[in-house]
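Heads up: the sequence shown runs through residues 30 to 246, numbered per this note's numbering. Beta carbons: idealized from backbone N, C-alpha and C, even for Gly.
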Amino acid sequence: MKKIIGYIIGFLTILTVFGMICFVSVMYDVNDKIAVEPYFFRTGMLAINQTSIPQTISEIGESKLRDWLIQKFVKEYLYVVPDVENVARRTSGDRAILPYMMTAKAFKQWQQDIVPQINDLASNGGMRTVHVFNEIFKPSGSNYWRVDYELKTWNNPNDMDEVPEKTRGTMYVRISNEDAIGQLKQPFADVRDLLIKGVDPAFAFRFTVSDVMFDKE
C-alpha cells in the first residue's frame, strides 16, 4: 500500500512540474526574445568600489584633490607589507612614488627615520595598514597641514588569532608648491594614460612635500 501511495505522489509531482513548464512556455515565447539583457547584481559595500566616468580636476575641486594626495602620501610614508622587496622598490625603484612626491631632503629624512622601522617589520613578516581620519587642515598661522592617522600593526605572521596593535598619531606635512596642486606634470598630458599603463596616477600631479613632522599619542 505504501508503495502504491509513493508511486501516486511521484506521478503527481511529475505532472505538476510538467504543467509548470507548459505554463511558463506559454507566458514566455523564446522565439520572440532576440535580445540579451545582462544584469549585474551589486550588493553591500561593493557599491563603493564601482567605477564610473572619470571626473575632471575642476569637478573634483582643488581642496579634495589636495586631500587625496596628502592621504596618498601619508599611507605611502608609513605602510608595511611582509616583503623586503617592497621596501627596496619604495626606496629606489623606478616607479617608487615617494621620491616623486618629496624633495630630496625630505626623502632622505624618510630613509633615515622611517625606512629602518619598515624594513625590520617587513623582514620579520609583519604588516601595517594606515588609515587617515578626521579633517585634514592647516592650523592658523602654520605652514603645515595636520593629518591624523591610525596604524594597525600585525607583528606575528600567519597568526590568525592575533589582534592588531592600534596606534594613533598626527603628521604635519609642509607642501612647497600648494599653488600648483591640480596641475599636471610634464610629460603627463592625461591621467587616463597612466591608468591604462598601470602607473600610479599620483605621478601626474605637481605635489611636493618639503618637510614632515610627527606628534604621536
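For residue i, does the count of other Cβ atoms within 10 angstroms reach 16, so buried, or fall short, so exposed?
i, result
"residue 214", "exposed"
"residue 43", "exposed"
"residue 133", "exposed"
"residue 225", "exposed"
"residue 98", "buried"
Relative to the C-alpha of residue i, which residue among the options is closest?
i, options, result
"residue 161", "199, 95, 210, 186", "199"
"residue 240", "127, 38, 120, 197", "127"
Less than 8 Å between the beta carbons of residue i and residue j, yes or no?
i, j, result
"residue 124", "residue 46", "no"
"residue 175", "residue 201", "yes"
"residue 116", "residue 148", "yes"
"residue 95", "residue 210", "yes"
"residue 231", "residue 130", "yes"
"residue 194", "residue 187", "no"
"residue 112", "residue 151", "yes"
"residue 172", "residue 203", "yes"
Could you check whether the Cβ of residue i sits closer than 7 Å to any heavy atom belonging to the ligand MG?
i, result
"residue 234", "The ligand MG is absent from the structure shown, which contains no ligands of any kind."
In three-state DSSP terms, what is residue i?
i, result
"residue 207", "helix"
| said: I want to know whether the segment 176-184 touches the segment 102-118 - three or more CB-CB distances under 8 Å. | reply: The segment 176-184, when compared against the segment 102-118, does touch it at the 8 Å Cβ threshold.
| said: Using 8 Å as the cut-off, can you tell me whether the segment 227-236 makes contact with the segment 91-102, which would need three or more C-beta pairs spanning the two stretches below that distance? | reply: Touching, yes.
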